[in-house]
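Asks: Residue numbers (the numbering used here), protein chains in the order written: chain A, 263 to 382; chain B, 263 to 382. Cβ atoms here follow ideal geometry from the backbone N, Cα and C, with glycine treated the same way. Everything numeric in this text was worked out from a predicted model, so none of it was measured.
There are 2 protein chains.
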Amino acid sequence: MDQHSPTLQLSAAFAALSDASRRDMIRMLLQKPRRAGELAECVDMSPQALSRHLRVLRKAGLVSEQGIEEDARVRIYSVHPNAFQPVQQWMAQVEDLWRRQLQAFKAFAESPRRSGKLKA
Amino acid sequence: MDQHSPTLQLSAAFAALSDASRRDMIRMLLQKPRRAGELAECVDMSPQALSRHLRVLRKAGLVSEQGIEEDARVRIYSVHPNAFQPVQQWMAQVEDLWRRQLQAFKAFAESPRRSGKLKA
DNA sequence: CATTTAGTTAACGTCTTTGTTAATATTCTC
DNA sequence: GAGAATATTAACAAAGACGTTAACTAAATG
Chain A
263 MDQHSPTLQL
273 SAAFAALSDA
283 SRRDMIRMLL
293 QKPRRAGELA
303 ECVDMSPQAL
313 SRHLRVLRKA
323 GLVSEQGIEE
333 DARVRIYSVH
343 PNAFQPVQQW
353 MAQVEDLWRR
363 QLQAFKAFAE
373 SPRRSGKLKA
Chain B
263 MDQHSPTLQL
273 SAAFAALSDA
283 SRRDMIRMLL
293 QKPRRAGELA
303 ECVDMSPQAL
313 SRHLRVLRKA
323 GLVSEQGIEE
333 DARVRIYSVH
343 PNAFQPVQQW
353 MAQVEDLWRR
363 QLQAFKAFAE
373 SPRRSGKLKA
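1) Any Cβ of chain B within less than 8 Å of the Cβ of L324/A?
2) Report yes or no: is there a C-beta of chain A within less than 8 Å of the C-beta of D281/B?
3) On the DSSP letters alone, give me the boundaries of the beta strand (DSSP E) that I288/B sits inside.
4) Can you look up S267/A in the DSSP assignment and give me helix, strand or coil?
5) Checking contacts by CB at 8 Å: is V356/A closer than that to chain B?
6) For a test of the three-state rule: what should DSSP assign to R320/B, helix, strand or coil?
7) Going by the beta-carbon positions, is the gap between V318/A and A282/A smaller than 8 Å?
8) Between A334/A and chain B, is any beta-carbon pair separated by less than 8 Å?
9) Out of curiosity, what's the CA-to-CA distance linking V305/B and P295/B?
10) Between Q365/A and chain B, is there a C-beta pair that is closer than 8 Å?
11) Below 8 Å on the Cβ atoms is my guess for K321/B versus A274/B; work out the distance and round it to an integer in Å.
12) From this set, H342/B, V356/B, A371/B and F346/B, which residue's C-alpha is nearest Q347/A's C-alpha?
13) Helix, strand or coil, according to DSSP, for A297/B in the structure here?
Here it is as structure tokens:
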């Protein structure tokens, strides 16, 4: 995690998710934590490019890395426990606003003065 | 809406949401549909820049425009009814995978062979 | 009908992102 | 220890995103 302001972090998360390869990587990491090499087999990409995508995901706070004892060359990547909290929070806010708007519209449409008739 | 493959559309939606100004615009449009000028007052930005952001949002399928009769110069922008369906669908998928992983981990931790003891 | 109003598109410069090739650790294996 | 394996960083070029200024469209307004 590298972005500090909540707004920047949210932007970074959305930006990170805007790439299909990165979304695939996240899905793979959601099945189980994996090494970079395992990811490389599936997303078909040079190790360097993949490493960069991993960095983007890390800086967005979506995945975290963790060393292991068996082979110190390798780091295991996994989805950060509350990776999606900011995004889900924003989405919830949006849903709420949407509900309100629908309700306001409904109230307007059913108001006594216009007795259910819309303009068009 | 301009992106056709579901994957591309999802990418476009995430990319569109990765900008704080665009998120603000969406929030304003969720309160009520508005003209470009009204948005401009709040996001503090040149009309040209704003127009571009609107185009991005349109192409991502998040907002839709609609002419009005009173003044034909003006178009009203609003949040597309199922703007967030792809994003929410993907997020739901992620949540599901996350639940499964937690469950798998729990099953592992509680398996008879290791009787609840973890490695560390 | 000229002017103002509302807004979009075009052209340009700048900054960022992304992939590639090359170079750099670090550590396992023989 | 020499060499292979695992992965990351550096440097560079290509492509894309963003804001600005300028030019443009279309319609309201006097």
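Replies: To lay it out plainly:
1) no
2) yes
3) Per DSSP, I288/B belongs to no beta strand (DSSP E); it is in the alpha helix (DSSP H), A282 to Q293.
4) coil
5) yes
6) helix
7) no
8) no
9) 15 Å
10) no
11) 6 Å
12) V356/B
13) It should be noted that the sequence gives Arg, not Ala, for residue 297/B. In this structure, R297/B counts as strand in the three-state DSSP scheme.
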